[in-house]
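Engineer:
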Amino acid sequence: MANLREISVSAALNLLSAFAFLVAFAILRLQPINDRVYFPKWYRRGIRNSPRRSGVCVTRFVNLDWRTYIKFLNWMPAALRMPELELIDHAGLDSVVYIRIYLLGLKVIGPLAVLAFLVLVPVNWTGETLEGVKNLAYNDIDKLSISNVPDGSKSSEELLHLPEYCYTVKFSFCTKYLFRFSVMRFQFILFRFWVHIVMSYVFALWTFYVLYVEYKEVAAMRLRYLASENRRPDQFTVLVRNVPPDPDETVSEHIEHFFRVNHPDSYLTHQTGFGGVVGTKVDAIDYYSSEIQKLSEAEALEREKVLSDPKAIVLAAFVSFKSRWAAAVCAQTQFSHNPTIWLTEWAPEPRDVYWRNLAIPYFDLTIRRLLMAIALFFLIFFFMIPIAFVQSLANIEGIEKVFPFLTPLIETKSVRSFIQGFLPGIVLKIFLILLPTILMMMSKVEGFSSRSSLDRRSAGKYHLFLLVNVFLGSIITGTAFQQLKTFLHQPPTEIPKTVGESIPMKATFFITYIMVDGWAGIAAEILRLVPLVIFHLKNMFLVKTEQDREEAMDPGCLNFATYEPKIQLYFLLGLVYSAVTPVLLPFVIIFFAFSYVVFRHQVINVYDQRYESGGSFWPDVHRRLLIGLLISQLLLMGLLSTKNIEKSTIALLPLPVLTIWFHVYCKGRFQSAFVRFSLQDAMTKDTLERATEPNLNLRAYLKDAYVHPVFKGRSHFESPLLVPDEENNTLVLTRRSS
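By our numbering, the letter at position 470 of the sequence shown is numbered 499, and the numbering carries on one by one without gaps.
Structure (structure tokens):
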């Protein structure tokens, strides 16, 4: 268990690492040769020109202006300077809503930390309980936790036996004054617990208020964004899946026939998907003209095969309508008495489509998701084994047992402080590196048709994994290994009490993890060391043209599937330990503040999002935050129950009920804004568009919107699946025999 000295060493190491990363970033970003690595977003938009085009000799590669190095941290105020509305236009609503999660962390945890340090820390510090417990490992940080509050049972027993003792010694003043003193002492112990209970209600109510205001604001931002958004193909388009096969018609003809019958006045066109399509883009024409000619001929031949092969067309289509109102009606309507066919949903924007999963049948989707749920259970369960093993080694006793020859080195103060204050967090972070990739592969197998859905699904899996393995697994495993000796020498009735008192002691492990992952890790994020090296390697060996250089830039994007669950872990730690070990809260606050500045800078200058969903992930964020709050309340109830204060658990019972009710209320109040589009807003936007653009050719606008990327921009491909407009023809053409 890390003590205060070891925590200080870990803080110093991580602060030093973070500062070194920031200094390296500040120097590297000023060099002209690295300009495309640290400002790729501006290059892709054609706003920024390479500084290497001007200047001579060394100045084309190295910045020799010493004045720019003086203000090496000026990127921080620059990142905060752009207003939110301008940031939405610049980066999209998804990026802005994501950044607001960090700001929400400051709004929630900040006031909780102030109240906890003003009220709970003095109450915990004056408890002086841990010093009287034998064979229990603790440190100065644990004295600030609820574990240091006296047990209610012993004081009540002393109170019951005091009159009998005073009668036997026959001291009247003892009966009078000592009894009063014991009553006052017992009442003061009860007062300590009631302080924690009352503060738990205060923390919960404050969290409710902040989450409600934020949910309301994000919902309003989404509605404003959708109302003011420029025309996009997905506003007029619906994704139709599980199209039933017809023996007399092709898939395309069957889809056209169905929607001309059921939407005769609003149906416009449709585009079907293709299965097994593979294509590549070829560059460097001036250098490889003959190779390009061969590849182009082979590519054209392959496309013709796909277009002429009925089996290549999948049983799904993007159906477009003449108005947003008609698309909204179609997307939110059941078309058949059989709920497994003609499934409709809002089409994702063209960049958001995950083409491989369009044609998976309904039954296959159900089986796939069941199998992936089982696989996730076993992944979480079996991953506990290496985490438990690694954490047993990530302490002094475990290392000395496995490597006894290192005992003299480990026992030195500096090495011991490094191991206890730094090693557990870094080992856990290393173990989690490959996990997001595995979870994303599982989500793709489940068959979701958009990248945003894949990200949200993977984020849900990763959140569950962090909750079970990292949070609960670290508490349970760490407690068992640290207190093994105590458990073996105690009667069974004392074990629950020891576990309850030991849960707050895991705060030291989570503090080290926050400093490794949340401080140094975020600083490494802005340094972009891997993209920097890859860009220069490509620029040195592969880049032949200016287009090659553009493609060598890797701006990356906000990886919601990985980043958001980690934020939820920090929220969970802040909510759980706010009433248990408040000393952890400043570390969480530093993480939120630092991350807010870093990711705002990255969104402005670096990240180029692959899609835009209009902040549709916010209901998932809100739900997971309330799950964290609910867990914190249940854990506090379990912890107080070990203190033998029966009324404390009963007094906390309304909190989980209030949390569940608050979730249900917010879901009914705001969630519809994220899953539906009101017909009133759709009609308003359609009317305005018809008034301002009466000659708009919507068919031409939607012509190639949902054509597979391999076929886009090819002159020989004229969208054969687009049907002619037959508004004046009341008959529906068909090749059916019946």
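Even glycine gets a Cβ: it sits at the ideal position worked out from N, Cα and C.
Per the contact definition of three or more C-beta pairs closer than 8 Å, is the segment 607-618 in contact with the segment 225-233?
Structural biologist: In short, these stretches touch, since the Cβ pair count reaches three.
Engineer: Measuring CB atoms only, is the segment 269-277 touching the segment 703-723, in the sense that at least three cross pairs come out at less than 8 Å?
Structural biologist: Touching, no, given that fewer than three Cβ pairs across the two stretches are closer than 8 Å.
Engineer: Using only the alpha-carbon positions, how far apart do His225 and Val545 sit?
Structural biologist: Roughly 30 Å between the two C-alpha positions.
Engineer: By the three-class DSSP mapping on this structure, what secondary structure does Gln300 have?
Structural biologist: Strand.
Engineer: Near Tyr636, what residues of its chain come up, given a Cβ to Cβ distance below 8 Å and the 5 sequence neighbours on each side ignored?
Structural biologist: Answer for Tyr636: Lys70, Ala120, Ser124, Pro584, Gly585, Cys586 and Leu587, listed in chain order.
Engineer: Does DSSP classify Phe646 as helix, strand or coil?
Structural biologist: Here Phe646 sits in coil by DSSP.
Engineer: What's the gap between the Cα of Val27 and the Cα of Gln662?
Structural biologist: Absent from the structure is residue 27, since the part of the chain shown begins at 30 and ends at 767.
Engineer: Between the segment 106-122 and the segment 623-641, can you find at least three pairs of beta-carbon atoms closer than 8 Å?
Structural biologist: Enough Cβ pairs lie closer than 8 Å, so yes.
Engineer: Where Ser487 and Leu461 are concerned, what is the direct C-alpha to C-alpha distance, given to the nearest angstrom?
Structural biologist: Distance between the alpha carbons of Ser487 and Leu461 is about 14 Å.
Engineer: State the DSSP-derived secondary structure class of Ser670, mapped to helix, strand or coil.
Structural biologist: The answer is helix: DSSP assigns Ser670 an H, G or I state.
Engineer: How would you call Gly75, buried or exposed, if buried means at least 16 neighbouring beta carbons within 10 angstroms?
Structural biologist: Exposed, by the Cβ-count rule.
Engineer: Under a Cβ-count criterion, where at least 16 other Cβ atoms within 10 Å of its own Cβ denotes burial, should Asn92 be classed as buried or exposed?
Structural biologist: With 16 or more other Cβ atoms within 10 Å, it is buried.
Engineer: Mapping DSSP to helix, strand and coil, what is Glu747?
Structural biologist: Low confidence applies here, because Glu747 scores a pLDDT of 38, under 50, leaving its location unreliable and the question unanswered by this model.
Engineer: Out of curiosity, what's the CA-to-CA distance linking Ser257 and Gln361?
Structural biologist: Rounded to the nearest angstrom, the two C-alpha atoms are 22 Å apart.
Engineer: Ends of the alpha helix (DSSP H) at Arg58?
Structural biologist: Note, Arg58: premise wrong, no alpha helix (DSSP H); not H, not E.
Engineer: Looking at the secondary structure, which residues open and close the beta strand (DSSP E) in which Glu374 lies?
Structural biologist: It spans Leu372 to Trp375 - the beta strand (DSSP E) in which Glu374 sits, taken as one unbroken run.
Engineer: Mind pulling the alpha helix (DSSP H) runs of 4 or more residues that sit fully within the segment 473-505?
Structural biologist: List check, alpha helix (DSSP H) in window: 480-494.
Engineer: Distance, Cα to Cα, Pro58 vs Met111?
Structural biologist: Looking at the sequence itself, residue 58 is Arg, so the reference to Pro does not match. Answer to the nearest angstrom: the Cα atoms are 19 Å apart.
Engineer: Measure the alpha-carbon distance for Met105 versus Ala145 and round it to whole angstroms.
Structural biologist: So the alpha carbons of these two residues sit roughly 30 Å apart.
Engineer: For Ser46, which residues from the same chain have a beta carbon less than 6 Å from its beta carbon, with the 5 sequence-adjacent residues on both sides left out?
Structural biologist: The answer, listed in chain order, is Ala549.
Engineer: If you draw a straight line from the C-alpha of Tyr244 to the C-alpha of Phe699, how long is it?
Structural biologist: Roughly 7 Å between the two C-alpha positions.
Engineer: Might you give, ordered along the chain, the residues of its own chain that have their beta carbon closer than 8 Å to the beta carbon of Phe90, omitting 5 neighbours on each side?
Structural biologist: Excluding residues within five positions, the ones whose Cβ falls inside 8 Å are Gln60, Pro61, Ile62 and Arg81.
Engineer: Between which two residues does the beta strand (DSSP E) containing Arg270 stretch?
Structural biologist: Thr266 to Arg270 is the span of the beta strand (DSSP E), which, as asked, contains Arg270.
Engineer: Classify Ala11 as helix, strand or coil using the three-state DSSP reduction.
Structural biologist: Only positions 30 to 767 of the chain appear in this structure, which leaves residue 11 out of reach.
Engineer: Considering only the alpha carbon of each residue, which of Trp371, Asp484, Phe589 and Asn498 lies closest to Met413?
Structural biologist: When only C-alpha atoms are compared, the closest one is Asn498.
Engineer: What is the residue span of the alpha helix (DSSP H) that Glu115 lies within?
Structural biologist: Note, Glu115: alpha helix (DSSP H), Glu113 to Ala120.
Engineer: Expressed to the nearest angstrom, what Euclidean distance is found between the alpha-carbon atoms of Val626 and Ala355?
Structural biologist: Distance between the alpha carbons of Val626 and Ala355 is about 42 Å.
Engineer: If you drop the 5 nearest sequence neighbours on each side, which residues of the same chain put their C-beta closer than 7 Å to that of Lys183?
Structural biologist: Note that Lys183 scores a pLDDT of 49, beneath 50, so its modelled location is shaky; the value from the coordinates is reported in the next line. Closer than 7 Å at Cβ, skipping near neighbours: no residue.
Engineer: In this structure, what does DSSP give as the bridge partners for Phe350?
Structural biologist: Phe350 pairs with Tyr296.
Engineer: Kindly indicate which three-state DSSP category Val736 falls into: helix, strand or coil?
Structural biologist: Looking at Val736 - three-state DSSP - the assignment turns out to be coil, as it is neither helix nor strand.
Engineer: Would you grab the beta carbon distance between Tyr131 and Pro379 for me? Rounded to a whole angstrom, and I think it's under 8 Å.
Structural biologist: Not a contact, Cβ separation roughly 30 Å.
Engineer: Assuming the contact rule is C-beta atoms closer than 8 Å, Ile138 and Leu601 should be a hit. Round their C-beta distance to whole Å, please.
Structural biologist: Not really, about 11 Å apart at Cβ, beyond 8 Å.
Engineer: Would you give the residue range spanned by the alpha helix (DSSP H) that Cys695 belongs to?
Structural biologist: Cys695 -> alpha helix (DSSP H) spans Pro683 to Phe699.
Engineer: With a cut-off of 8 Å, do at least 3 Cβ pairs link the segment 587-597 to the segment 477-492?
Structural biologist: Yes, they touch.
Engineer: Determine the contact status of Val358 and Ser479, defining contact as a CB-CB distance below 8 Å.
Structural biologist: It is not a contact, given that the beta carbons lie outside the stated cut-off.
Engineer: Return helix, strand or coil for Val178, following the three-state DSSP convention.
Structural biologist: Note: Val178 maps to coil in three-state DSSP.
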